[in-house]
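Residue numbers (mature numbering (1 follows the signal peptide of the UniProt record, and there is no 0)): -22 to -1, 1 to 203. Where is the CB? At the ideal position from N, CA and C, for every residue including glycine. Since we're looking at a predicted model, the values are computed, not measured. Have a look at the structure below, then the notes.
Written out as structure tokens, the structure is:
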């Protein structure tokens, strides 16, 4: 193969696409953590709202329901994220979002993702979360299914005096007030579009090496004549 053909191969390969890395990008007053071994109510506890990434770059095989009576259609490519606040029995914790000072309340929490938020699952007993686990759950995490008060008790985002959330674009703002059981909600975002793979940088050195090999062979052939 001539060097010009190697260049053509490199340019073509550089246009190939690979999936983009999807993630929870940033948090305010919250914390981004790795997926825990279990999200059963009696297994993992925290003192501030935490989030972790679940299944990523998933093409939905069936419709999934989200708050507001809406659905995300089958065939949509999505990423999933879990947000939770869960304390031990006899303890309470809150992130109301009033002033951040009432009852040692640290204030509202926000998480920003790298994809647009398509919907949130925060229903009282976690029925939507449980129904979508087969498609959106983290493969390394054990899930309990639905149970009483798994999700938010209400969504009073205007008064922000209990459980609430609101979102715009790729950011969600929320407040939680928990004792036992805690609050667990799932956020579904659009999967980022694929990005080009920088393959030319790898293939060009191979091309130069091949060119050098061809030149050495040509010189050897001339010397043998």
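Query, Result
"Three-pair Cβ contact test at 8 Å for the stretch 3 to 20 versus the stretch 114 to 129", "yes"
"Beta-carbon spacing of residue 156, residue 42 below 9 Å", "no"
"Residue 4: first and last residue of the uninterrupted beta strand (DSSP E) it sits in", "2 to 6"
"8 Å CB neighbourhood of residue 103 in its chain, flanking five on each side removed", "124, 125, 126, 127, 128 and 129"
"Close Cβ partners of residue 63 (< 6 Å) along its chain, the five nearest in sequence each way excluded", "27, 154, 156, 160 and 161"
"Residue 124, DSSP secondary structure in three states", "coil"
"Beta bridge counterpart(s) of residue 60 as assigned by DSSP", "30 and 164"
"Closest residue to residue 5 among 31, 22, 19 and 18 (Cα-Cα distance)", "31"
"Exposure of residue 164, with buried meaning 16 or more beta-carbon neighbours within 10 Å", "buried"
"From 101, 57 and 140, residue whose alpha carbon lies closest to that of residue 48", "101"
"DSSP three-state assignment for residue 212, whether helix, strand or coil", "Limits of the chain in this structure are -22 at one end and 203 at the other, which puts residue 212 out of reach."
"Within 9 Å, strictly: CB atoms of residue 204 and residue 90", "Limits of the chain in this structure are -22 at one end and 203 at the other, which puts residue 204 out of reach."
"Exposed unless 16 or more other CB atoms sit within 10 angstroms - verdict on residue 142", "buried"
"As assigned by DSSP and simplified to three states, the class of residue 96", "strand"
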